[in-house]
Amino acid sequence: MEKKKGKGNNGLDFDSMLSSNTKAKADKPKKNEMPVLNGLSDDMKSRIERYLEAKKEKKNAEADMKTEEPAIIEFARKAQDKNAFAGNYNGSYNIGGLVKFVTQDRFSCPQDEDVQKEVKKVLGKYYEEIIETEVSVSLKPEVFTNKKLKEELVKIIGSRFSEFFVTETKISVKEGFAQEQYKIAGSQKKLDDIRALLPQYKPSIR
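Using the working numbering, you'd call the opening residue of the sequence shown number 47 and step up by one each time.
As structure tokens, this is what we get:
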């Protein structure tokens, strides 16, 4: 008996295979105009007024925190760098028993090939130790709308890989670089060069 065109060994065509593996998205509730709750007691009105006043004070306090935070971070970062170059690395500090300076072992890594060349220069022999590459593969969007490609995919997937899939590469910094960067740099100047190319996630003051 002749096989139906576009069917795989399991008797399903591409669209059937796709739908059988797809979960329907739940409908989002429609946004309606909010009803107004009137008839508030004096006590409730007072509570809401105090809440709004506290909210305003919080906003002002957050603005003050945002203004003062950079100077605190700079102070702690300089101490962290000095101690780390002396062989005593710490990812966080208690500043005067008042606030905590906390860093993350996470870095932004440029994906641009030309910038990666600069990263290789500044990291030198440590590049392979510090930088890792993850490769992911996804189906090209046009496969979903091209009947012929869908039929071919069901029949010969694997033999013409590049016609159906897009390969993406993500470059990232390995765990432990927060401390290793000091050994690699050896000096504040080179550390600044490294940070310009591989910026560490912003520290937090708690």
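Positions of the beta carbon are idealized from the N, C-alpha and C atoms, including for glycine. Computed from a prediction, not measured in an experiment: that's the story for all the values here.
Beta-bridge partners of residue i, as assigned by DSSP
i	result
VAL212	SER184
THR179	ILE217
ASN140	LYS146
ILE251	PHE147
Reference residue i, options the options, closest by Cα
i	options	result
VAL168	GLU114, ALA100 and ALA242	ALA242
SER154	LYS220, PRO81, ALA231 and ASP127	LYS220
LEU244	SER250, GLU226, ARG252 and GLU99	GLU226
VAL183	LEU199, GLU214 and LYS171	GLU214
ILE118	VAL145, LEU237 and LYS104	VAL145
GLN150	ASN136, GLN234, ASP158 and GLU174	ASN136
TYR172	ASN134, ILE240 and ARG152	ILE240
CA-to-CA distance, residue j to residue i, given in whole angstroms
i	j	result
ILE202	ILE176	39 Å
ASN192	SER218	35 Å
ARG206	THR179	24 Å
PHE147	ASN129	14 Å
MET47	LYS186	Unreliable placement is indicated for MET47, whose pLDDT of 46 sits below 50; the coordinate value is still reported in the next sentence. Computed Cα separation, rounded: 33 Å.
LYS124	GLN157	29 Å
LEU98	GLU79	22 Å
GLU114	LEU199	59 Å
PRO116	PHE223	23 Å
Helix, strand or coil at residue i [DSSP, three-state]
i	result
LYS254	A query on residue 254 cannot be resolved here, the shown segment of the chain reaching from 47 to 252 and no further.
VAL317	Because the chain spans 47 through 252 in this model, residue 317 falls outside it and cannot be assessed.
GLU48	Note on GLU48: pLDDT 46, under 50, position unreliable in the model; the coordinate value appears next. DSSP places GLU48 in coil when its eight states are reduced to three.
LEU244	coil
LEU92	As written in the sequence, residue 92 is Ser, which differs from the Leu given in the question. Helix, per DSSP.
ILE119	helix
ILE230	helix
beta-carbon residue i near the ligand ADP non-hydrogen atom, thresh 7 Å
i	result
VAL200	For the ligand ADP, the structure offers nothing, since it holds no ligand at all.
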